[in-house]
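Encoded as structure tokens, the structure appears first; notes follow it.
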Amino acid sequence: MEVGYQFEPLHKEEITHSQLVRYAGASGDFNPIHTVVPFAESAGLGGVIAHGMLIMGFVGQAISQWFSTKDLVKFSTRFRAMTRPGEKITVQGSVVEETEDRWICQAEAVNEAGEVKVKSSFEIKKR
Amino acid sequence: MESLSTGLQEKVGMKLDTYNFKIEKGKLRELALAIGDLREESLKGELVLPTFPTVVDFMGEETSTLEDLLGLNLQKVLHGEQEYEYLGEMKPGDDLTVTGVIENVYTKAAMDFFIIKKEFVNQHGETVLISRSTIIERH
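In order, the protein sequences belong to chains A and B.
Following this note's numbering, the numbering of the first sequence begins with 3 at its first residue and continues without gaps.
Following this note's numbering, the numbering of the second sequence begins with 14 at its first residue and continues without gaps.
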């Protein structure tokens, strides 16, 4: 591992309405902007949007494939753009910096058009 | 210019209800399935995914509590940022006690921002995680 190292991207399946219902149930986040189309429309969102935490969850999955979660010490995410059913997300990431005992890494979740949905940074304990 | 109505300012420092949550394998598996993580370890409920603490948060507290406390309109609420500091290991079977506080509130660009800090302590009294969520309410 070295600064600049690019991790193998994680390609996710197309997001479906069913997945959002499933994520609501699994996570306990039942805000209807994610699952109920008329509610989301009246909120001015033009339809349901995915939970930001589902997309961060994709990034979390990728991190847990790139490293052991036991070595993960910090993980932060900024939610940049809304994601809708029908979109396909890819998580990509790289090592951007190192300290004596940590790898400082970045990751982002993008759709097929390259739109950045979330931007994450995370730190991994060196072994 | 940042401005703040007195109603919001009063919420800074407000403590949220403490709750307990036991990490069960079935819940870990359910999250993995929802995310589409089909690795064996995930499906067996043996892997605590990095974002699981937010599931603990939603499941552990009455879902209406935070919204009621802050008086939020669900049609106007967005998640701005999420941060976790992993201080110890979380394992299936752990019994967590979670405390929370409204760390900061501010208004910017016609939106109210709420920073909520939570501390997760396991059954041995070890703080295993600190999380910070930024919740945004559009005006």
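Here a beta-carbon is modelled for each residue, glycine too, at the ideal position from N, C-alpha and C.
Source: prediction; values computed, not measured.
Check                                                                                                                                                                 : Outcome
In chain order, which continuous runs of the alpha helix (DSSP H) of length 4 or greater are located wholly inside the stretch 26 to 98 of chain B?                   : 38 to 48, 53 to 56, 65 to 73, 77 to 83
Given this structure, state the Cα-to-Cα distance separating arginine 24(A) from alanine 47(B), to the nearest angstrom.                                              : 6 Å
State the Cα-Cα distance for the pair lysine 76(A) and glycine 113(B), rounded to the nearest angstrom.                                                               : 19 Å
Kindly indicate the opening and closing residues of the alpha helix (DSSP H) around arginine 58(A).                                                                   : In the sequence as displayed, the identity of residue 58(A) is methionine instead of arginine. Methionine 58(A) -> alpha helix (DSSP H) spans 54 to 68.
Say whether chain B places a C-beta atom closer than 7 Å to the C-beta of arginine 24(A).                                                                             : yes
Could you pull out every residue in the same chain whose Cβ sits closer than 7 Å to the Cβ of glutamate 43(A), ignoring the five residues on either side in sequence? : Gly49
I'd like to know whether the C-beta atoms of alanine 111(A) and isoleucine 91(A) end up nearer to each other than 7 Å.                                                : yes
In whole angstroms, what is the alpha-carbon distance linking serine 123(A) and threonine 64(B)?                                                                      : 14 Å
Less than 7 Å between C-beta atoms, sequence neighbours within five positions excluded: which residues of the same chain meet that for serine 96(A)?                  : Gly6, Tyr7, Gln8, Phe9, Cys107, Gln108
Let me know the secondary structure DSSP gives valine 98(A) once reduced to three states.                                                                             : strand
Report the neighbours of phenylalanine 71(B) on chain A: residues whose CB is nearer than 8 Å to its CB, in chain order.                                              : Ser29, Gly30, Asp31
Is alanine 109(A) close to chain B, meaning its C-beta is less than 7 Å from at least one C-beta of that chain?                                                       : no
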